[in-house]
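Here the protein sequences line up with chains G and S, keeping their order.
The first sequence begins at 29 in this note's numbering and counts up one residue at a time.
The second sequence begins at 405 in this note's numbering and counts up one residue at a time.
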Amino acid sequence: MANIEIKPLPYPTRVINVGLDLFAEAMQEQGIEVAQVSWEPPVKGDPELMAILDDLL
Amino acid sequence: MVTKVQIRVHEYHDSVRLMQVSERVRREEGVQETILMMGTDNNKKILATAGLHTAEVEAAAANDLIVAIVADSQEAAKRALEKANALLMQRASGVSNTYRSVEAALGAMPDANLALISIPGEYAAAEARRALEHGLHVMLFSDNVAIEDELELKKLARERGLLVMGPDCGTAVIGQARLGFANVVRHGVVGIVGASGTGIQELSVLLHRQGVGISHAIGTGGRDLDAAVGGLTMLAAIEYLAADVNTEIIVLTSKPPDPEVARKVLESAARCGKPVVVNFLGGDPGMISAAGLTPAATLKDSVNEVLYLTAGDVSQGSGPGTAEIELQSLATREAQRLGPEQLYLRGLFSGGTLCYEAMLILREQIGEVYSNIPLNKKYHLTDPSTCRENTLLDLGDDAFTQGRAHPMIDPALRNQRLLQEARDAELGVILLDVVLGFGAHANPVEGLVDAIQQSRRQAEKEKRHFVVVASVCGTEEDPQQRSRQEKLLSDAGVLVANSNAEASRLAGAIILANRQAGK
Numbered sequence: 029m030a031n032i033e034i035k036p037l038p039y040p041t042r043v044i045n046v047g048l049d050l051f052a053e054a055m056q057e058q059g060i061e062v063a064q065v066s067w068e069p070p071v072k073g074d075p076e077l078m079a080i081l082d083d084l085l
Numbered sequence: 405m406v407t408k409v410q411i412r413v414h415e416y417h418d419s420v421r422l423m424q425v426s427e428r429v430r431r432e433e434g435v436q437e438t439i440l441m442m443g444t445d446n447n448k449k450i451l452a453t454a455g456l457h458t459a460e461v462e463a464a465a466a467n468d469l470i471v472a473i474v475a476d477s478q479e480a481a482k483r484a485l486e487k488a489n490a491l492l493m494q495r496a497s498g499v500s501n502t503y504r505s506v507e508a509a510l511g512a513m514p515d516a517n518l519a520l521i522s523i524p525g526e527y528a529a530a531e532a533r534r535a536l537e538h539g540l541h542v543m544l545f546s547d548n549v550a551i552e553d554e555l556e557l558k559k560l561a562r563e564r565g566l567l568v569m570g571p572d573c574g575t576a577v578i579g580q581a582r583l584g585f586a587n588v589v590r591h592g593v594v595g596i597v598g599a600s601g602t603g604i605q606e607l608s609v610l611l612h613r614q615g616v617g618i619s620h621a622i623g624t625g626g627r628d629l630d631a632a633v634g635g636l637t638m639l640a641a642i643e644y645l646a647a648d649v650n651t652e653i654i655v656l657t658s659k660p661p662d663p664e665v666a667r668k669v670l671e672s673a674a675r676c677g678k679p680v681v682v683n684f685l686g687g688d689p690g691m692i693s694a695a696g697l698t699p700a701a702t703l704k705d706s707v708n709e710v711l712y713l714t715a716g717d718v719s720q721g722s723g724p725g726t727a728e729i730e731l732q733s734l735a736t737r738e739a740q741r742l743g744p745e746q747l748y749l750r751g752l753f754s755g756g757t758l759c760y761e762a763m764l765i766l767r768e769q770i771g772e773v774y775s776n777i778p779l780n781k782k783y784h785l786t787d788p789s790t791c792r793e794n795t796l797l798d799l800g801d802d803a804f805t806q807g808r809a810h811p812m813i814d815p816a817l818r819n820q821r822l823l824q825e826a827r828d829a830e831l832g833v834i835l836l837d838v839v840l841g842f843g844a845h846a847n848p849v850e851g852l853v854d855a856i857q858q859s860r861r862q863a864e865k866e867k868r869h870f871v872v873v874a875s876v877c878g879t880e881e882d883p884q885q886r887s888r889q890e891k892l893l894s895d896a897g898v899l900v901a902n903s904n905a906e907a908s909r910l911a912g913a914i915i916l917a918n919r920q921a922g923k
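Below you can see the structure in the form of C-alpha cells.
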C-alpha cells in the first residue's frame with residue numbers, strides 16, 4: 029500500500045460536474061472553475077447495455 | 405378544478421431543477437398543484453398516489469418529462485404550463501460551458517482534477533470509472549451504487565493514486581473549495597475524514613464557531629468502513645492528511661465500523677504522526693484509547709477534544725455546570741406548558757448523522773427511541789409513515805427520497821410530516837435540525853415556520869401546546885445566514901439550541917420533566 033504514490037489533493041480544485049446543475053452553480057458562486065456535463069439517461073435506459081458499451085469503448 | 409398533463413418526449417432534467425420549477429409554478433395564481441417528474445416507474449407511482457395517473461402518464465418513458473398541473477381554471481392551467489416551459493428553458497444560468505461527456509469537458513478543461521458525479525446511482529459507477537481512468541479524483545454524490553462497484557472503483561483509485569469520495573458522499577471540502585452540501589467555514593488546521601455529509605457539516609460548523617478552521621474535509625461514503633469495502637477511502641484520506649502541511653489535527657467520524665476495519669483504520673491513524681480524534685458514534689472508546697488516539701462520543705465531544713488539543717479558547721461560555729442548570733430550569737418551565745398525556749418526542753431530521761447523534765444522547769436520557777435508522781434493531785420503525793412513542797426519523801433516508809430531492813434541498817416532505825405529527829395528542833416535543841450551506845435550500849426555515857404556525861393554531865383549538873426545539877447547522881457566512889434563520893425560528897416560538905447535541909439534550913430534558921411531573 030505504502031509503495032503507491034498518491035497524487036496531491038486536487039487543489040486548486042477544477043471540477044467536471046456530471047449531474048445536478050445546483051452543484052455547478054454553487055461552485056461557480058465560490059469562484060471554482062467548473063465544466064458542466066449535461067448528462068442524460070441513455071435512450072433505452074438500459075444499464076446493462078451501457079456496461080457492455082463501456083467495455084467496448 | 406382542471407388537470408393538465410403534458411409529456412415532453414426525450415427531455416431530461418435533474419430532480420433538483422424539476423423540484424425548483426415545481427416550487428415556482430405552484431406559487432402562480434390559481435394553481436393548486438404542480439408536479440414535474442421524469443417518467444420512471446417509481447415517479448408514475450407517486451403521480452398515481454396524487455390522483456394524476458392518466459394513459460399518457462402510463463405511456464411515458466424514463467427519459468420523458470411529465471408536467472402535471474392542477475388549477476382552478478383552464479386559463480390558470482394554461483398559464484402555469486407556459487410558466488413551467490419558460491423556466492425549463494432557462495438552463496443553469498451561470499454555467500455557460502456545458503459538454504456532452506467527461507471527455508468533451510476534459511478537452512475544454514485539460515487541467516481539471518476532480519469529477520463531481522450526482523447522476524442516478526445505476527449509471528454513476530460507469531461515469532466514475534471513466535473519470536478515474538482520465539486521472540481525476542472523484543466525489544460520488546450519487547447513492548444506490550452497487551457495493552461491488554464501490555469496491556472496484558476504490559481499488560482502481562488506489563492503483564492510480566486517486567481518491568474516490570463516496571458513493572453517497574454529501575460533503576467534501578478541499579482547501580477552500582466546498583463541494584456538494586458544505587458550509588462556509590474558516591480555513592485552518594483540522595482535517596476531517598467523515599463517513600457522512602451532515603457529520604462533517606456539524607463538526608466543521610461547531611469548530612468554526614469556536615474560532616477553529618478546517619484544512620480539508622474528505623467524505624468516504626456511508627459504506628466505506630463495512631467489511632466489504634475495508635475502509636479504502638478512509639485509509640487513503642488519512643495518508644493524504646498526514647502528508648498535508650496545512651493539517652495539524654485529524655478528526656475521523658463515522659458510525660461504528662466493522663471491527664477488523666476499525667483495527668486497520670486505528671493502526672493507520674496511530675502511525676500518521678499527527679494527533680487524531682476518533683468519533684465512532686456509539687462505538688467502543690476503549691479500542692481508540694488503546695491505539696493511543698483520542699476518543700469522542702458525539703460530534704460535539706469531538707469539537708471539545710479538538711479545542712483541548714489546539715489549546716485554544718476552551719471556555720464554553722458560562723461553563724458546563726451553569727449551562728446544565730439553565731437547561732434543566734428551561735426544561736422544567738417548558739414541561740409545565742404540556743398536558744400530562746403529552747409524554748412523547750418526535751424528531752424530524754434532514755441530516756442522517758444528526759438523527760443518529762440525537763438518538764445516542766436521548767437513549768441515555770429517556771431510553772431507546774424508535775427510528776427508521778435505529779441504534780437497536782428492536783426499535784426499527786416497521787412503517788416509517790407512522791411514528792410511535794418516542795420516534796426520530798431520518799427523512800433523508802432512501803425510504804423517503806425515492807423520486808424526490810433530499811430534504812435539505814426540498815424541505816416540503818418534512819413540513820408535511822410536521823403537520824401530521826403535531827396532530828397527535830400525545831406529542832410533547834418536536835426536535836428538528838436545519839442544515840444550511842451551499843447546496844441546501846435557499847430559505848429552509850420559511851416553510852418550516854409556516855408548518856409550525858399552522859400546527860400551533862390547530863393545537864390551540866384543542867387547548868394543546870407543544871414544544872419545538874431546533875438547532876441550525878450553519879454559519880453567518882453561509883448563503884442562508886445562520887442568524888437570520890435562527891431569528892425566524894425564535895420569532896415562531898421555537899427554542900433554538902447552539903448544536904444538535906444541545907437541542908437533543910434539551911428535548912430529552914423536557915420529556916423527562918413532564919414524565920416526572922406526572923408521577
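We put the CB at the ideal spot given by N, CA and C, even for glycine.
Just so you know, these numbers come straight off a predicted model, no measurement behind them.
How many Å lie between residue i and residue j at the Cα?
| i | j | result |
| --- | --- | --- |
| residue 880 of chain S | residue 587 of chain S | 10 Å |
| residue 774 of chain S | residue 560 of chain S | 40 Å |
| residue 604 of chain S | residue 597 of chain S | 8 Å |
| residue 866 of chain S | residue 745 of chain S | 14 Å |
| residue 672 of chain S | residue 573 of chain S | 22 Å |
| residue 647 of chain S | residue 36 of chain G | 9 Å |
| residue 571 of chain S | residue 562 of chain S | 16 Å |
| residue 653 of chain S | residue 476 of chain S | 60 Å |
| residue 540 of chain S | residue 549 of chain S | 19 Å |
| residue 868 of chain S | residue 784 of chain S | 29 Å |
| residue 906 of chain S | residue 899 of chain S | 11 Å |
| residue 489 of chain S | residue 624 of chain S | 39 Å |
| residue 660 of chain S | residue 632 of chain S | 15 Å |
| residue 921 of chain S | residue 763 of chain S | 23 Å |
| residue 372 of chain S | residue 845 of chain S | As shown, chain S starts at 405 and ends at 923. That puts residue 372 of chain S outside it, with no answer to give. |
Check residue i in the structure and name its three-state DSSP category.
| i | result |
| --- | --- |
| residue 405 of chain S | coil |
| residue 699 of chain S | strand |
| residue 543 of chain S | strand |
| residue 759 of chain S | helix |
| residue 752 of chain S | strand |
| residue 418 of chain S | coil |
| residue 511 of chain S | helix |
| residue 912 of chain S | helix |
| residue 437 of chain S | strand |
| residue 619 of chain S | strand |
| residue 601 of chain S | helix |
| residue 39 of chain G | coil |
| residue 30 of chain G | Any answer about residue 30 of chain G is weak, because its pLDDT of 46 lies below 50 and its placement is not dependable; what the coordinates show is given next. Correct three-state label for residue 30 of chain G: coil. |
| residue 634 of chain S | coil |
| residue 554 of chain S | helix |
| residue 586 of chain S | strand |
| residue 804 of chain S | helix |
| residue 683 of chain S | strand |
Measuring CA to CA, which of the options is closest to residue i?
| i | options | result |
| --- | --- | --- |
| residue 748 of chain S | S:791, S:777, S:734 | S:791 |
| residue 751 of chain S | S:797, S:595, S:480 | S:797 |
| residue 567 of chain S | S:448, S:645, S:804 | S:645 |
| residue 67 of chain G | S:432, S:521, S:471 | S:521 |
| residue 584 of chain S | S:636, S:839, S:448 | S:839 |
| residue 841 of chain S | S:755, S:702, S:826 | S:755 |
| residue 817 of chain S | S:615, S:480, S:427, S:728 | S:427 |
| residue 41 of chain G | S:417, S:459, S:513, S:411 | S:513 |
| residue 480 of chain S | S:890, S:454, S:457, S:438 | S:438 |
| residue 831 of chain S | S:742, S:787, S:431 | S:742 |
If you check the beta carbons only, do residue i and residue j fall under 7 Å apart?
| i | j | result |
| --- | --- | --- |
| residue 765 of chain S | residue 908 of chain S | yes |
| residue 694 of chain S | residue 681 of chain S | no |
| residue 600 of chain S | residue 757 of chain S | yes |
| residue 60 of chain G | residue 516 of chain S | no |
| residue 873 of chain S | residue 835 of chain S | yes |
| residue 425 of chain S | residue 491 of chain S | yes |
| residue 669 of chain S | residue 634 of chain S | no |
| residue 429 of chain S | residue 484 of chain S | yes |
| residue 413 of chain S | residue 468 of chain S | yes |
| residue 506 of chain S | residue 65 of chain G | yes |
Under 8 Å, CB to CB, which of the residues in the segment 496-513 of chain S have a partner in chain G? Using a CB distance below 8 Å, the part of the segment 496-513 of chain S facing chain G consists of 496, 497, 498, 499, 501, 502, 503, 504, 505, 506, 508, 509, 510, 512, 513, ordered along the chain.
**Request:** Give, in chain order, every residue of the segment 577-593 of chain S whose Cβ lies closer than 8 Å to some Cβ of chain G.
**Result:** Taking 8 Å as the Cβ-Cβ cut-off against chain G, the residues of the segment 577-593 of chain S that qualify are 578, 579, 580, 581, 582, 583, 584.
Using a Cβ-Cβ cut-off of less than 8 Å, list which residues of the segment 615-634 of chain S approach chain G; keep chain order. Listed by position along the chain: 620.
*In the segment 833-850 of chain S, which residues sit with their C-beta less than 7 Å from some C-beta in chain G, listed in chain order?*
Residues 842, 843.
For the segment 888-917 of chain S, which residues have a CB atom closer than 7 Å to at least one CB atom of chain G, in sequence order? Correct list: empty, as no residue qualifies.
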